[in-house]
Amino acid sequence: MVPSGGESPRPTRLLLIAVSALFVQQTFVSMSRLVLPVLAPVISEELGTNPALVGAYSGILSSVAMVLAMGSGGFIERFGGWRMCQFALLATGAAMFMAAPGILVLFAVSAILVSPGPGISTPASSHVLARHCPPKRAPLFFSIKQTGVPAGGLLAGVLVPFLALQFGWRGAFLATGILYMALALALQPFRAQFDDDRHAGHRSFLADARTALKAATADPRLRHLVAAAFTFVGLQALFDSFFVTYLVNGLGHSLTTAGTVFSVAQGVAVVTRMLWGAIAGSVASPRVVLAGLGLVMAAGSVAMGLVAPGWPVPAVTAVAVVYTATAFSWHGVLLAEVARLAPAGRVGATTGGVIVFIMGSSTLYPLVFAAILAVSGSYGAGYLIAAVPALIVGLGLLRRDKADSPDAA
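Residue numbering for the sequence shown follows numbering that gives the first Met the number 0, starting at 0 and increasing by one per position.
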């Protein structure tokens, strides 16, 4: 993409390779943070641990990812965006191996090793894609890349329970670890083409962290996007971390049923994410699309909070679909806007700055939800409370001045 770097778009062939490979990488990186939450019911039953500890796992993961995101611009500049995507896959593979023994302290280590995925992958992949994607097509292509997030959830809901049934939950961790290592190696043949802009001598990582935060907050238009991202990703984190356990422990469904509903909801989000990207690039402004998504996801969170044990599975699935069609589908539209508004040559760093706030939300929301669950014993209460910020942000985006729109930028 040309908006910040002023470079001519690369050939279409490289764009298609980049979008395809980064979609696959994003899919498996997204799946990585869901492996433990999906397995949490069987792990907690065998080890006798509290399911609310999933919130602590997510909190550790997001906290470390937030730190990595701050310095991601420097790592991308020195090693290249493609190499950092490979590194995230390798670290995730090691994380899966660490979790397999079932030792609590190693679960914490696993959370740390998973963190380069959400902390570095998105800035790195945005950096690569921004160099190859024409501005007008950016919302769609960024949405296609980010469709890997719900695709990863769909894969987690299908593949992880299957592996657990075949090999036990420890075997599921080992099998996914091998898969991540293989994927990292599969990206290697394209490294020279996509990392030809790296600067091997770059070392100012602390300065890059400060620059990333400044870049993401100095422009009022970017601050609006940061607020939306913080709120929206919080709802996504709650679904990722607690939905399967909610259905199993809170509503009495089997792990297989919960995994199926989880996968169906994620599958719908694969389609809607591309749909919103196409609409934002042609029919409506990105700001209006994001506002609408915020309002509907607030309604979806309220509905999630009202689900009761007597509800039939199709009704629960319908609520989950509304939830994921919005809370899992805004990323491409928002990240394309971040890339468009980023300072010249700083797409990766600016995206990293936004990711810091996203990771902060991914840390805060599960921890608050876990606290509400521990005190009240109610999963629904947490979802009802989480709907309020999304409603406020959605209404706020509708009131933004036209200066926030692409035409006025």
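C-beta: ideal position from N, C-alpha, C; glycine also. Since the structure is predicted, the reported quantities are computational estimates derived from the model, not experimental observations.
Tell me the rounded alpha-carbon separation between residue i and residue j.
| i | j | result |
| --- | --- | --- |
| A17 | L153 | 22 Å |
| T323 | S262 | 10 Å |
| L378 | V267 | The sequence given here places Tyr at residue 378; Leu does not occur at that position. If you take the alpha carbons of Y378 and V267, they lie about 23 Å apart. |
| F106 | Y56 | 7 Å |
| L162 | T259 | 14 Å |
| G101 | S120 | 27 Å |
| A277 | L289 | 13 Å |
| F238 | L363 | 14 Å |
| V108 | F356 | 22 Å |
| V1 | R130 | With a pLDDT of 38 at V1, under the threshold of 50, the modelled position of that residue is not reliable, and the figure given next carries that caveat. Going by the C-alpha atoms only, they are around 6 Å apart. |
| H198 | R339 | 23 Å |
| V243 | P160 | 11 Å |
| S71 | R32 | 19 Å |
| P405 | L224 | Residue placement at P405 is flagged as unreliable, the pLDDT there being 44, under the threshold of 50; a coordinate-derived value is accordingly withheld. |
| T316 | A264 | 7 Å |
| M11 | L60 | Before going further, note that residue 11 is Thr rather than Met in the sequence given. Roughly 36 Å between the two C-alpha positions. |
| G412 | M97 | Any property of residue 412 remains undetermined from this structure, which presents the chain solely from 0 to 408. |
| A386 | S43 | 28 Å |
Go ahead and label residue i buried or exposed: buried means 16 or more other beta carbons lie within 10 angstroms of its beta carbon, across all protein chains shown.
| i | result |
| --- | --- |
| S361 | buried |
| E336 | buried |
| G351 | buried |
| L21 | buried |
| G80 | buried |
| P219 | exposed |
| A348 | buried |
| P409 | The question about residue 409 has no answer, for the chain in this structure spans 0 to 408. |
| V269 | buried |
| G249 | buried |
| A183 | buried |
| C84 | buried |
| V321 | buried |
For residue i, which three-state DSSP category applies?
| i | result |
| --- | --- |
| N248 | helix |
| H198 | coil |
| S84 | First, the amino acid is wrong: residue 84 is Cys here, not Ser. Helix, per DSSP. |
| H131 | coil |
| W275 | helix |
| T48 | coil |
| S19 | helix |
| L186 | coil |
| S284 | coil |
| D239 | helix |
| P311 | coil |
| S29 | helix |
| S300 | helix |
| S142 | helix |
| S377 | coil |
| P149 | helix |
| R169 | helix |
| P342 | coil |
With a threshold of 7 Å between beta-carbons, can residue i be considered close to chain D, or not?
| i | result |
| --- | --- |
| Q85 | Here there is only one protein chain, and chain D is not present. |
Say yes only if the C-beta of residue i is nearer than 6 Å to one or more non-hydrogen atoms of the ligand HEM, and no if none qualify.
| i | result |
| --- | --- |
| A123 | The ligand HEM is not part of the structure shown, which contains no ligands of any sort. |
* Asked: With a cut-off of 8 Å, do at least 3 Cβ pairs link the stretch 222 to 234 to the stretch 287 to 294?
  -> yes
* Three or more C-beta pairs below 8 Å linking the stretch 30 to 48 and the stretch 130 to 141 -> Touching, no.
* Does the pairing of the stretch 144 to 152 with the stretch 25 to 36 give three or more beta-carbon distances under 8 Å? -> Here the stretch 144 to 152 lies against the stretch 25 to 36, with 3 or more beta-carbon pairs under 8 Å apart.
* Does the pairing of the stretch 364 to 377 with the stretch 178 to 188 give three or more beta-carbon distances under 8 Å? -> no
* Segment contact, 8 Å Cβ cut-off, at least three pairs: the stretch 302 to 317 with the stretch 186 to 196 -> no
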